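The opening position of the sequence shown corresponds to residue 335 in my numbering, with each subsequent residue numbered one higher.
Yeah, the Cβ is synthetic: ideal placement off N, Cα and C, and Gly gets one too.
Small disclaimer: the values here were computed from a predicted structure and weren't measured.
Notes for the one structure printed next.
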Amino acid sequence: MTKKSITVNGKKWIPTIQDWSWIITILWMTAANLWHPFGLFGFVCMFTPVIIALSGRGKMHCARVCPRGSLIGKIGSIVNLGLKRPNLYRKKWFRPLLWGVMMGSFAVMLIFVITQGVDTLGFAVLIFMETATVLAIINGILFTPRQWCTICPMGYTSGNIRSLRKKLTERRMKIVKE
Ligand code: SF4
């Protein structure tokens with residue numbers, strides 16, 4: 335992982351902070367378990383990759399920032415069984431399906447808890463994020479350390495935003511040339 339800032343497609347990428355950003359996940363989960371409203375910080379974790387991708391920086395969050403990616407990288411580098419990645423993960427439909435299941439269940443959960451106060455809402459977000467983190471850690475131990483990143487819904491979202499932005503830019507360039 336490079337520690338220098340670089341320019342990708344005309345946008346500056348920050349140097350990586352993933353050698354220590356795993357601490358953010360540990361601190362946040364500890365604090366949110368002690369004080370549930372702090373669980374709402376989970377929205378920051380969810381929307382940061384989206385905002386960065388919308389800014390034209392593609393998957394800079396995944397490559398340079400993501401605290402969960404950093405955590406699973408650390409754990410997977412200590413404990414890793416190196417099993418073969420399941421064929422299921424290679425299927426084209428698997429990532430959109432997982433995205434739909436996870437985002438859909440998150441949306442349904444929000445609908446149920448949004449009126450129940452900040453404490454319940456924060457706790458619900460925390461549980462959702464903890465579940466995703468446990469799945470990511472299990473994948474990292476069983477397969478490769480950052481295996482989760484190949485199927486992660488947030489990574490999938492930011493990748494799709496990057497592709498969409500690229501297509502729109504290409505279309506604009508084509509129209510300008512005509
Ligand atoms: S794919 Fe998901 S877990 Fe991996 S670095 Fe990106 S946002 Fe984080």
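Taking 9 Å as the cut-off, the Cβ atoms of Thr478 and Gly410 count as close.
The beta carbon of Phe440 lies closer than 7 Å to those of Phe462 in the same chain, with the five residues before and after it left out. Classified as buried, Ile406 has 16 or more neighbouring CB atoms from the shown chains inside 10 Å of its CB.
Going by C-alpha positions, Gly376 is about 23 Å away from Trp347.
Nearest C-alpha to Thr350 among Thr359, Ile340, Gly344: Ile340. Apart from the 5 residues on each side of it in sequence, Arg499 sits with its Cβ closer than 7 Å to the Cβ of Gly390 in its chain, given in chain order. Proximity of the beta carbon of Gly403 to ligand 1 is indicated: a heavy atom of the ligand is located closer than 8 Å.
For Ile509, the enclosing alpha helix (DSSP H) begins and ends at 487 to 511. Of the residues assessed, Asn473 falls on the buried side of the cut-off, its CB having 16 or more other CB atoms within 10 angstroms.
In this structure, the CA atom of Ser492 is about 7 Å from the CA atom of Gly392.
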